[in-house]
Structures are given as structure tokens and as C-alpha cells.
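The numbers in UniProt numbering rise by one with no breaks, and the one at position 4 of the sequence shown is 4.
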Amino acid sequence: MANTSSGQHHLTCAFDDGFLTGAPPPDSPTSTVDVPRDADPEYQCNSPREPSRLTDLRASLRVFTESFLRTETAEMEMIKSREASRIESERRRAETESVIAQMLAKNQLQIAEFLAKKGRNRKRKRVQRDDSSMADRQGLLLLWLLQSNLDF
């Protein structure tokens, strides 16, 4: 930092701002001592401690980025796993709906066949009584199935 005519301090090294040197920011009210920065080697950009500080900073950034990368990779793996699970459950749901639709179509076909057969039996003049009562029972059962299928 350099001393200006207004009494404020400015950084001589743009990358510092007190992070590497531990110095308070220049506009903080606690800095009351006006020390010429040329006399203090801690504030010089070419100080002997600069390479170790930069190495420490570089190592800290590397640790941070590697940690961040591991976190992001783990998060992406969790997202992939969640998506695969969602797709599998969607596939099972579609299969179940397909089976239900097939069962419904089969029941409706049976009902249609029964009603068509019953209509043909009415046209005949001779209908046996036993066949009639059995056909009525089957018809009621099939109509009940149709009503229960309509609930889906």
C-alpha cells in the first residue's frame, strides 16, 4: 500500500487486500497508524515470503477446487441414480396400466359376446329354460364386472 496525500492507503499489490498479509483493509477505521509501506517488507510485492504465500494460496485453491469437484460429482451421481429410479418406476407403472387395460378389454369383449348371444337367443322361438337362467346369471355377473371396470 502506498500513502496518498488524502491520508488513505492504497494497495501496491492488486492481489493482496489483506488476505495474504493479514493486514486490515485500508478503509477500515481501526488503521490509525500511517506507516510508510516502503519501509515494511511485509507489504512489498517482492518480499521473500511472497512465493510461500502464493504456494499456500495455490494449494488452498487446489484443495478447494478438488473438494468442490468431488461434491459436484457426487451430486451428479445422485441425480443420475434418482433419474434412473424414476424411469424404472415409470416403466413399471406403464406395464401395470397396460395389464389393467388388457383385462378391461377382455372383460368388455366377454360382455359384448354375451349380449350378442343373448340377442340371438331372443330371436329364436324355442329357448330352453335352463339355458335361460344360466345365461341370466352369467349376464348379471358380466354386467357387475363391467360396472366394476368402469370405476377404473
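Backbone N, C-alpha and C fix where the C-beta goes; we use that ideal spot for every residue, glycine too. Since we're looking at a predicted model, the values are computed, not measured.
Q) Of all the options 59, 148, 78, which has the alpha carbon lying nearest to the alpha carbon of residue 103? A) Against the sequence shown, residue 103 aligns to sequence position 103. If we check each option's Cα against that of residue 103, 148 comes out closest.
Q) Just how far apart, CA to CA, sit residue 178 and residue 64? A) Shown here, the chain extends from 1 to 152; a query on residue 178 therefore has no answer.
Q) By how many angstroms is the C-alpha of residue 101 removed from the C-alpha of residue 134? A) Position 134 of the sequence shown holds residue 134. Position 101 of the sequence shown holds residue 101. Between residue 134 and residue 101, the C-alpha separation is close to 28 Å.
Q: Reducing DSSP to helix, strand and coil, say where residue 43 ends up.
A: For this step, residue 43 is matched to residue 43 along the sequence shown. Summary for residue 43: the model assigns pLDDT 49, below 50, so the residue's position carries little reliability; its value from the coordinates is reported in the next sentence. It is helical.
Q: Answer yes or no: do residue 142 and residue 110 have a C-beta to C-beta separation smaller than 7 Å?
A: Here residue 142 refers to the residue found at position 142 of the sequence shown. Here residue 110 refers to the residue found at position 110 of the sequence shown. In contact: residue 142 and residue 110 (Cβ atoms closer than 7 Å).
**Q.** Contacts around residue 68, its chain only, beta-carbon distance under 6 Å, and the 5 residues preceding and following it disregarded
**A.** The count along the sequence shown starts at 1 and reaches residue 68 at position 68. Closer than 6 Å at Cβ, skipping near neighbours: no residue.
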